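Trainee:
2 protein chains.
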Amino acid sequence: MTDFKEIILSKHLSTLFSKASFGIEKESQRITDKGSIAKTNHPAVFGNRSFHPYIQTDFAETQPELISPPTQSVDEMYEWLTAIHDVVLRSLPQDEYLLPLSIPPVMPASDEVRVAVLDSEADVQYREYLVSVYGNKKQMVSGIHYNFELDPALIKELYQIEKPALSLKSFQSEIYLKMAHNFLRYQWILTYLMGASIAADASYFEKEETKDFPLQHFARSIRSSQYGYVNKGDVHVSFDSIEAYVNDIEEMVASGKLSAEKEFYSTVRFRGVKRARDLLTNGIAYLEFRLFDLNPFAAFGMHKKDMHFIHYFLLYLLWMDEDATEEQMILGKQLNYRTALENPLTPSAYQAEGTAFLNGMLEMLDGIHADEEIVAIVKEKSAAFHHPEKTVAGQMVTAVKEGQDLTEMAVALAKKYKAEAWKRPYALRGFDDMELSTQILLFDAIQKGLKINILDRHDQFISLTYQNHREYVKNGNMTSKDSYIGPLIMENKVVTKKILAENGFAVPASGEYHSVSAALKDYPLFTGKGIVIKPKSTNYGLGISIFKDGASLENYEKAVRIAFEEDEDILVEDYLQGTEYRFFVIGNETKAVLLRVPANVKGDGIRTIRELVDEKNKDSMRGKNHRSPLERIEMGELEKLTIQGQGYTFESIPSAGEIVRLRDNSNISTGGDSIDFTDQMDDSYKKLAVDMTAALGVAVCGVDFIIPDYSRPSTKEAPGYGVIEANFNPAMLIHIYPYQGESRRLTMDVLRLLFPEMLL
Amino acid sequence: MTDFKEIILSKHLSTLFSKASFGIEKESQRITDKGSIAKTNHPAVFGNRSFHPYIQTDFAETQPELISPPTQSVDEMYEWLTAIHDVVLRSLPQDEYLLPLSIPPVMPASDEVRVAVLDSEADVQYREYLVSVYGNKKQMVSGIHYNFELDPALIKELYQIEKPALSLKSFQSEIYLKMAHNFLRYQWILTYLMGASIAADASYFEKEETKDFPLQHFARSIRSSQYGYVNKGDVHVSFDSIEAYVNDIEEMVASGKLSAEKEFYSTVRFRGVKRARDLLTNGIAYLEFRLFDLNPFAAFGMHKKDMHFIHYFLLYLLWMDEDATEEQMILGKQLNYRTALENPLTPSAYQAEGTAFLNGMLEMLDGIHADEEIVAIVKEKSAAFHHPEKTVAGQMVTAVKEGQDLTEMAVALAKKYKAEAWKRPYALRGFDDMELSTQILLFDAIQKGLKINILDRHDQFISLTYQNHREYVKNGNMTSKDSYIGPLIMENKVVTKKILAENGFAVPASGEYHSVSAALKDYPLFTGKGIVIKPKSTNYGLGISIFKDGASLENYEKAVRIAFEEDEDILVEDYLQGTEYRFFVIGNETKAVLLRVPANVKGDGIRTIRELVDEKNKDSMRGKNHRSPLERIEMGELEKLTIQGQGYTFESIPSAGEIVRLRDNSNISTGGDSIDFTDQMDDSYKKLAVDMTAALGVAVCGVDFIIPDYSRPSTKEAPGYGVIEANFNPAMLIHIYPYQGESRRLTMDVLRLLFPEMLL
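Protein sequences, first through last, are from chains H and A. Quick note on numbering: the first sequence equals residues 1 to 760 in the UniProt record's numbering. Quick note on numbering: the second sequence equals residues 1 to 760 in the UniProt record's numbering.
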């Protein structure tokens, strides 16, 4: 057999050796706040389980299975697991939680165990068959499956170096076979370190089992023991070679010892084919390791450190000289069973072997120049061989011995994990470096089961796929449904206005200027009129001055210069009397209307403006730099000037009920309040916004209207509005999390626009 | 009547007073290089005259009429006139020119005068009727019509200040009536200054005319004299009021003295209605002044200075106290006729009145703080009253007296003006501040008669309209035919590659890095392989390093740092062996394929590389900063390094026929040569480019392929290519003006894409 260690070292393949694909499947039971299994159905909000890529149900209706897509790193895998948990935890009924234990501490009565309500008749029947063979209590056990694939480039490289008398596929299978052999031999180490099903109530055991198992003792992992969910003793499948494996498994099915190939349970499985026989031609694509208990101390069932540990544990299986024989594998299985039932606070019976194995891992890490972080993790595990109380089971038993009831502990942790998911309900942990609008869209897409590909997370670029239909989305709502010219039009305020006017919409008159002197020359055109002076194409209200009752030449010039600081072209526009509203159009409907109120505080006759601002800024919905639905109110030069205009300083105490404005502009980004106005707004204006969006050739648009009376319908003769801006890629967050009024889930509307066939 | 002067001064309306809309219609005859009228038809390349907004024919088939659209300034009007001339002059047959004189110095025989070949039967019949009444020689005369409209805001403002007992429309008509009255009274001043039809051959005159007109003398303007194209003596129409005007003109038609209302010729016309009667309800929208001869010394028939002069001349007609009576208008007409026939080198008989009028203008200019430029123009005109040789007619006569034959002079000028239009054939004068691709697109759109609206020239944003179908275009080829997501994808090289790969196209493998250290860590993955290191999203070849045979760690690190100077993310990509080609796709066709050869010179065994570069850079197609189809070759640090790699300095003398590369990258923007390869390239690759464009969701795309053998078809098994980049808004110029090979008029393809119904 190939000496992988030697090739990797001599051919400098360490970098490639460390690259891999990862995926996790994590089951757990939904429980009530008492710790008993929930009686409700799988939440309907998750849509159709028959295609859902992230949220399935395992055996029981109460047993969601969370599946991370294949990722290129452990970090990404963990992010996905976090995000899917965020979605599931925030989608559960208020009084439901995810049990952080593999074996429910309180088992339901047998007749209360409900097999998953699936669309497929065959899937339900298979589950009922399993109940008949294994009983239904063991089916209630949950665990984590860890999928692992080496970089195909590594395998190709090794193949080219080694030039074996085999096909590339067969060579690949040989590699995975070696890993599987050694895994079976050394899996007990993982059970020792990470086993976490320390107890089960009496009803868990089959009658004949209880006489053997000392119920009064804790175990490292009942789930990984012979009392776990294992095949009957007459099922034997060789892992010696692919051929042996295929022949054995087919024989087991033919003889009726297994009802189907998938009924063969092993802590490692060959993946990538539908039928075992296809392994002969396609080879093993990747491996699935099914050994892992839920770690109650990890919010998502497994610590990220442990995921890294497993990665290098698996690499070491390939690296090591040894390739376990059939006999050694049988031994390994026995060691694992024994380890599983050891008292968690006693040292391992195989401490020496474990320590030696981890030392070998450390040697490998040294050889491949692995990150220090990884080395530290392995050293920690190594220490746990001398400190059994540091193993997961050890920690659990310690907690119970210190007086904690296992059920109570589980419920407390479950509640804590759910509360953490609700801490920033507008964000999606795992992806919280992305824009909030994309986070919310991802939340909805995960919930509904759209396949997500993060094409570029720095660039907020994703694809969503339903069946064979793929759509690309950037920044939450930029899609193929818009024509390109639309955003190009909207990037240019002058062009936008010209086109809206051409199409018969009411826009304020304006002049465009390329120089201060040109703007000054036209000052006479604007004397005595309310005007707005603004840069041609920047956003967020920067450089905008508003003179409701006209500007003196001096103030006009000042404002012109301020605007020119933001852009090389500026606009001087008629000021329209009325209130500004943002209309959010998707497709042919105005989905939300928002009133934005300039940053303000309401006096109480006691506190100063400064104190009132500080108080208002304490709201967890207010943050900085678009990391929250609302922005904190600043107390800078502009705010100072604004309250000066009302006769105040920051130390003034406004009277009770009095509203003090801190800004003239109403942008949320400068501390304004967002107030949903969708239902109040007369439909005629909503229709106009839709028509404008169509005229601009886009599907998603944020149109800013000035409307003096929102309840009076617009007519051709008396339009009753002026449109002052149209924005592509408009902010969604302000509508989804308004300061006041109803939330409008625009991200769901985006999904409906893109995937009408899903009938969301 | 309102005292406009007083209101404008007291209410500070000077700025508004000076704003106006302008338009020009300029006729001229197509001539041969001998100065005789062309015998060819109106060029078919101009498409259909029945809707052409810019290029029509006047009376004769040989008489193009060039029409500028309404503009908000004289400068813009002049730009349009320039651009339309560029199109017409460059579209004429090689041996045809535009006669710069109002009256052809060589008249064709009567039976050789060809009435315009128009679609409309009625239009042709009307022209034939005109021939029957006026003879066909006078129809051959050309001139310039100047359309003028005051700013409606001015009229509204004046109306609100004055509050007359009239409707706004009637008030507007009163204003234009005053201007018309005073124009008729003082038009002779324009004839004196700008008259330019000094002679006509005998055949021009009706038999009864020749006995009166002293043919041996030059005139200021035969066209503006009684021998011009004027109504018969029995046609009388009052300008006293709208009512009188309408009644008179209707009576003339009823009595058969005019065949139709449009047969009423006057040096000023009321515009904005189809039938005179509509003036009573709609009012006068604007005025048309028809007095102007072609100025042979102005490339487009009238100097811009004179356009400005006319603007303020017209304003003064409103400003002055006087409102000419019927009697004074009749006098004015007589003064004009007399002035027209004066000897151009003698002072005006009405010098005092002319000088006084211009002094009045200067007072007005002072009052409204007009630009010094305008004041200078008026002073120049004033001086011409004391120096008749400075008038246009005066200059013409002086030239003839100095021995120039009028025909020869006209032909020489016509040739000069045509040559000027051909100086930068890839540009469009009038719009040469815009990008060249937009200039060429505008050229084609003007030629074919699409209505153009320059929405934002700084932003290269235009609209094109054919009948009721409007399309917007930015930067020459960004349109509604692209979906928005396509350009967003292409802005991101990583996303582009992922999506192309997902769709089954061959892309080189690559790694993406956000930090130097991450890129360095992966160096082992790239050792010994040809690689390209480049920033993720910048263009023009900046920051790209190519290592065809792999890079040392040192060079790798250097290249990584160079790439990071251009972007915060970089790519390390497999280097593909082969030649790079740019495929330009529009709709579902690859319209052009281009080979770009890195900046190079070919040795001659005599000259140094420096001399060879200087020589190559002399080509007028080579310029700087994208102001020409090719860029000059630089001799900077990078070029120095590149030739060093070939064993040279700039002072080396390469042997005859040897090609020396000055750059490794092939971008045209760094001096590369563009070679059309459309016909040579195997169709399979062209098909692939179309499929990729569709996969990216756009209509226009520039796809960069690496192809080792362009003549070998691509197959599924042996793709024979790698796609390395896809570009939205790809450069068109390099295909339209390649260094070698056939020109591909992609701008026409864009028009075909946008307006398939035009069948261009």
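Here a beta-carbon is modelled for each residue, glycine too, at the ideal position from N, C-alpha and C. Source: prediction; values computed, not measured.
Here's the rule: buried if 16 or more other CB atoms are within 10 angstroms of the residue's CB, otherwise exposed. What is H/HIS85?
Mentor: For the purposes of this step, residue 85 of chain H is identified with residue 85 of the first sequence, where counting begins at 1. Result: buried.
Trainee: Check the Cβ-Cβ distances between H/LYS163 and every residue of chain B, and say whether any is below 8 Å.
Mentor: Within the model displayed, chain B is absent; protein chains H and A are what it includes.
Trainee: With contact counted as at least three CB pairs below 8 Å, one residue from each stretch, are the region 305-312 of chain H and the region 367-382 of chain H in contact?
Mentor: They touch, by the three-pair rule.
Trainee: Does the CB of residue 803 of chain H have a neighbour CB from chain A at under 8 Å?
Mentor: No answer is possible for residue 803 of chain H: it lies beyond the span of chain H, which begins at 1 and ends at 760.
Trainee: With a 10 Å radius around its C-beta and 16 neighbouring C-beta atoms as the bar for buried, classify H/LEU166 as buried or exposed.
Mentor: Residue 166 of chain H sits at position 166 when you count from the first residue of the first sequence. When all chains shown are included, H/LEU166 counts as exposed.
Trainee: If we ignore side chains and look at the alpha-carbon of each, how far apart do A/GLU420 and A/GLN72 end up?
Mentor: Here residue 420 of chain A is taken as the residue at index 420 of the second sequence, counted from 1. Here residue 72 of chain A is taken as the residue at index 72 of the second sequence, counted from 1. Using only the alpha carbons, I get a separation of about 27 Å.
Trainee: Shortest alpha-carbon distance to H/ASP234 belongs to which of H/ILE485, H/LYS257 and H/GLY605?
Mentor: Reading the first sequence from its first residue, position 234 is the one you call residue 234 of chain H. For the residues H/ILE485, H/LYS257 and H/GLY605, the minimum Cα distance to H/ASP234 belongs to H/LYS257.
Trainee: For A/TYR129 and H/VAL507, what's the separation of their Cα atoms in angstroms?
Mentor: On the second sequence, residue 129 of chain A is found 129 positions in, with the first residue counted as 1. On the first sequence, residue 507 of chain H is found 507 positions in, with the first residue counted as 1. About 48 Å.
Trainee: Compute the Euclidean distance between the alpha carbons of H/LEU436 and A/GLU554, then round it to the nearest angstrom.
Mentor: In the first sequence, the residue the question calls residue 436 of chain H occupies position 436. In the second sequence, the residue the question calls residue 554 of chain A occupies position 554. Each residue's Cα considered, the two are about 41 Å apart.
Trainee: Closer than 9 Å, Cβ to any Cβ of chain H: which residues of the region 475-498 of chain A, in chain order?
Mentor: From the region 475-498 of chain A, only ASN475, MET478, THR479, SER480, LYS481, ASP482, SER483, TYR484, ILE485, GLY486, PRO487, LEU488, ILE489, GLU491, ASN492, VAL494, VAL495 and LYS498 have a Cβ closer than 9 Å to chain H.
Trainee: Quick one: does A/HIS217 have its CB under 8 Å from some CB of chain H?
Mentor: Here the question's residue 217 of chain A lines up with position 217 in the second sequence. So no, A/HIS217 is outside the interface.
Trainee: Taking C-beta pairs closer than 8 Å, name the residues in chain H that A/ASP569 reaches, listed in chain order.
Mentor: The residue given as residue 569 of chain A occupies position 569 in the second sequence. What A/ASP569 touches in chain H: HIS458.
Trainee: Grab me the residues of H/ASP569's own chain with a C-beta within less than 8 Å of its C-beta, minus the 5 sequence neighbours each way, in chain order.
Mentor: Taking the first residue of the first sequence as position 1, residue 569 of chain H is located at position 569. VAL494, GLU512, TYR513, HIS514, PRO535, LYS536 and SER537, listed in sequence order.
Trainee: Rounded to a whole number of angstroms, what is the C-alpha to C-alpha distance between A/VAL183 and A/ASN147?
Mentor: Within the second sequence, the letter at position 183 stands for residue 183 of chain A. Within the second sequence, the letter at position 147 stands for residue 147 of chain A. One detail in the question is off: residue 183 of chain A reads as Phe in this sequence, not Val. Cα to Cα, A/PHE183 sits roughly 13 Å from A/ASN147.
Trainee: A/ILE8: which of A/HIS469, A/TRP319, A/GLN467 and A/LEU753 sits nearest, CA to CA?
Mentor: In the second sequence, counting from the first residue as 1, residue 8 of chain A sits at position 8. It is A/TRP319.
Trainee: Determine which residues of the region 507-531 of chain A have a Cβ less than 9 Å from any Cβ of chain H, and write them out in chain order.
Mentor: Listed by position, the residues of the region 507-531 of chain A near chain H (Cβ gap below 9 Å) are ALA509, GLU512, HIS514, LYS521, ASP522, TYR523, PRO524, LEU525 and THR527.
Trainee: Using 8 Å as the threshold, is the C-beta distance between H/LEU294 and H/ALA196 below it?
Mentor: As a first step, residue 294 of chain H is located in the first sequence; it is residue number 294 there, counting from the start. As a first step, residue 196 of chain H is located in the first sequence; it is residue number 196 there, counting from the start. Taking 8 Å as the Cβ cut-off, H/LEU294 and H/ALA196 qualify as a contacting pair.
Trainee: Go ahead and pull the three-state DSSP assignment for H/LEU759.
Mentor: Taking the first sequence and counting its residues from 1, one reaches residue 759 of chain H at position 759. Correct three-state label for H/LEU759: coil.
Trainee: Measure the CB-CB distance between H/GLN351 and H/PHE313 and report whether it falls below 8 Å.
Mentor: In the first sequence, the residue the question calls residue 351 of chain H occupies position 351. In the first sequence, the residue the question calls residue 313 of chain H occupies position 313. No, the Cβ-Cβ distance between H/GLN351 and H/PHE313 is not below 8 Å.
Trainee: Suppose contacts are defined by Cβ-Cβ distances below 8 Å. Is H/THR533 in contact with H/VAL560 by that definition?
Mentor: As a first step, residue 533 of chain H is located in the first sequence; it is residue number 533 there, counting from the start. As a first step, residue 560 of chain H is located in the first sequence; it is residue number 560 there, counting from the start. Per the sequence shown, the amino acid found at residue 533 of chain H is Ile instead of Thr. Going by C-beta atoms, H/ILE533 is nearer than 8 Å to H/VAL560.
Trainee: DSSP beta-bridge partners for H/LEU66?
Mentor: The residue labelled residue 66 of chain H in the question sits at position 66 within the first sequence. Looking at the DSSP assignment, H/LEU66 forms a beta bridge with H/LYS26 and H/ILE55.
Trainee: Can you check whether the C-beta of H/PHE297 is within less than 8 Å of a C-beta belonging to chain A?
Mentor: Here the question's residue 297 of chain H lines up with position 297 in the first sequence. H/PHE297 does not count as touching chain A.
Trainee: Here's a check: name, in chain order, each residue in its chain whose Cβ is nearer than 7 Å to the Cβ of H/ALA244, leaving out the five neighbours to either side.
Mentor: Working through the first sequence from its first residue, we reach residue 244 of chain H at position 244. Only SER238 meet the Cβ criterion.
Trainee: Measure the alpha-carbon distance for A/GLN172 versus A/THR2 and round it to whole angstroms.
Mentor: Stepping through the second sequence from its first residue, residue 172 of chain A is reached at position 172. Stepping through the second sequence from its first residue, residue 2 of chain A is reached at position 2. Approximately 12 Å between the Cα atoms of the pair.
Trainee: Do H/GLU408 and H/GLU285 come within 8 Å of each other at the CB atom, strictly closer than that value?
Mentor: By one-based count along the first sequence, residue 285 of chain H stands at place 285. By one-based count along the first sequence, residue 408 of chain H stands at place 408. The residue you asked about is not Glu; residue 285 of chain H is Ala in the sequence shown. Contact: no.
Trainee: Among A/GLY504, A/ALA445, A/LYS591 and A/MET621, which residue has its Cα nearest to the Cα of A/GLY47?
Mentor: Taking the second sequence and counting its residues from 1, one reaches residue 47 of chain A at position 47. Considering only alpha carbons, the answer is A/ALA445.
Trainee: Mind listing the chain A neighbours of H/GLY697? Cutoff is C-beta to C-beta under 7 Å, in chain order.
Mentor: Residue 697 of chain H sits at position 697 when you count from the first residue of the first sequence. Per Cβ cutoff of 7 Å: SER480.
Trainee: If I'm right that A/ALA689 touches A/THR590 with Cβ under 8 Å, what's the distance once you round it to whole angstroms?
Mentor: For the purposes of this step, residue 689 of chain A is taken as residue 689 along the second sequence, with counting starting at 1. For the purposes of this step, residue 590 of chain A is taken as residue 590 along the second sequence, with counting starting at 1. Contact holds; Cβ gap of about 5 Å.
Trainee: Determine contact between the region 217-234 of chain A and the region 134-143 of chain A, defined as no fewer than three beta-carbon pairs at a distance below 8 Å.
Mentor: Flag = yes, the region 217-234 of chain A and the region 134-143 of chain A touch.
Trainee: Do H/GLU61 and H/ALA109 have their beta-carbon atoms positioned less than 8 Å apart in this structure?
Mentor: If you number the first sequence from 1, residue 109 of chain H lands on position 109. If you number the first sequence from 1, residue 61 of chain H lands on position 61. No.
Trainee: Quick check on this structure: which residue in A/GLY741, A/LEU746 and A/GLU717 has the alpha carbon closest to the alpha carbon of A/ALA731?
Mentor: Here residue 731 of chain A refers to the residue found at position 731 of the second sequence. For A/ALA731, the nearest C-alpha among the options comes from A/LEU746.
Trainee: So, are the CB atoms of H/GLU326 and H/ASP240 less than 8 Å apart?
Mentor: Numbered from 1 along the first sequence, position 326 holds the residue referred to as residue 326 of chain H. Numbered from 1 along the first sequence, position 240 holds the residue referred to as residue 240 of chain H. For H/GLU326 and H/ASP240, yes; Cβs fall inside 8 Å.
Trainee: Is DSSP giving residue 768 of chain A helix, strand or coil here?
Mentor: Coverage of chain A is limited to positions 1 through 760, which leaves residue 768 of chain A absent and any answer about it impossible.
Trainee: I'd like to know if the region 148-164 of chain H and the region 189-207 of chain H are in contact, where contact means that at least 3 CB-CB pairs between them fall below 8 Å.
Mentor: As far as the Cβ criterion goes, the region 148-164 of chain H does not touch the region 189-207 of chain H, which means the pair count is below three.
Trainee: Taking the alpha helix (DSSP H) that A/SER132 falls in, what are its first and last residues?
Mentor: Residue 132 of chain A sits at position 132 when you count from the first residue of the second sequence. 121-134 is the span of the alpha helix (DSSP H), which, as asked, contains A/SER132.
Trainee: Within 10 angstroms of the Cβ of H/ASP704, are there 16 or more other Cβ atoms? Answer buried if so, exposed if not.
Mentor: Residue numbering aside, residue 704 of chain H sits at position 704 when the first sequence is read from its first letter. H/ASP704 is buried by the Cβ-count criterion.
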